[in-house]
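Visitor: Be aware that the sequence shown starts at 0, since it is given in numbering that gives the first Met the number 0, and climbs by one per residue.
A virtual CB, placed ideally from N, CA and C, is assigned to each residue, including glycine.
For clarity, every value in this text was computed on a predicted model and none was experimentally measured.
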Amino acid sequence: MQIILVGADSTEQRLDAVEGWRVMEIIRDHGFPIIAECGGACACGTCQVEVDLEWTAKLHEPREDELDMLDQNYANEWSRLSCQLIFTPEMNGLRLRIAPVALAVAA
Ligand code: FES
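1. Taking the straight line between their C-alpha atoms, what separation do you get for Ile34 and Leu4?
2. Could you tell me whether the Cβ atoms of Arg50 and Trp77 are closer together than 8 Å?
3. Beta carbon of Glu76: closer than 7 Å to some heavy atom of ligand 1?
4. With Asn72 and Val100 assumed to form a contact (beta carbons below 8 Å), what rounded beta-carbon distance in angstroms separates them?
5. Whose beta carbon lies closer than 7 Å to any heavy atom of ligand 1, going through the chain in order?
6. Could you give the distance in angstroms between the alpha-carbon of Val22 and the alpha-carbon of Trp54?
7. Candidates Cys46, Asp28 and Asp8: which alpha carbon is nearest Ile97's?
8. Given Met68, which residues of its chain have a CB within under 8 Å of its CB, disregarding the five upstream and five downstream residues?
9. Would you kindly work out how many angstroms separate the C-alpha atoms of Ala16 and Val48, rounded to a whole number?
10. Excluding the 5 residues flanking Arg94 on each side, which residues of the same chain have their C-beta closer than 6 Å to its C-beta?
11. What first and last residue would you give for the beta strand (DSSP E) that runs through Leu80?
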């Protein structure tokens, strides 16, 4: 099972994914720059990703605390906090990119 991480130059990286892991952990453990400052507590917004449009409706709805954090971090309709996305087999092939705001924090 994999997720597909799209870079700023549109190149795609296929990352092996493990059921039960946070998408944030999958990205971070493959060495990509995602800060995830709060460690997944939904309290920092530095793990923000933008999910491909085709995937937005397939993911569970964000909880209120995720929505609040996204509102504070320049989110758009494709934005999610990757720490709040727990990988399941149904998410195999999930395509996303690290949000520009999160990349800026990591730079
Ligand atoms: S790691 Fe802090 S909100 Fe996701």
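Guide: Let me spell this out:
1. About 16 Å.
2. First, the amino acid is wrong: residue 50 is Val here, not Arg. Yes. Within cutoff.
3. no
4. 6 Å
5. Ordered along the chain, the selected set is Met23, Ala35, Glu36, Cys37, Gly38, Gly39, Ala40, Cys41, Ala42, Cys43, Gly44, Thr45, Cys46, Met68, Leu80, Ser81, Cys82 and Gln83.
6. 14 Å
7. Of the candidates Cys46, Asp28 and Asp8, the one whose C-alpha sits nearest the C-alpha of Ile97 is Cys46.
8. Cys41, Ala42, Cys43, Gly44 and Leu80
9. 16 Å
10. Excluding sequence neighbours, Arg94 sits near Ile3 and Asp51.
11. Ser78 to Leu80
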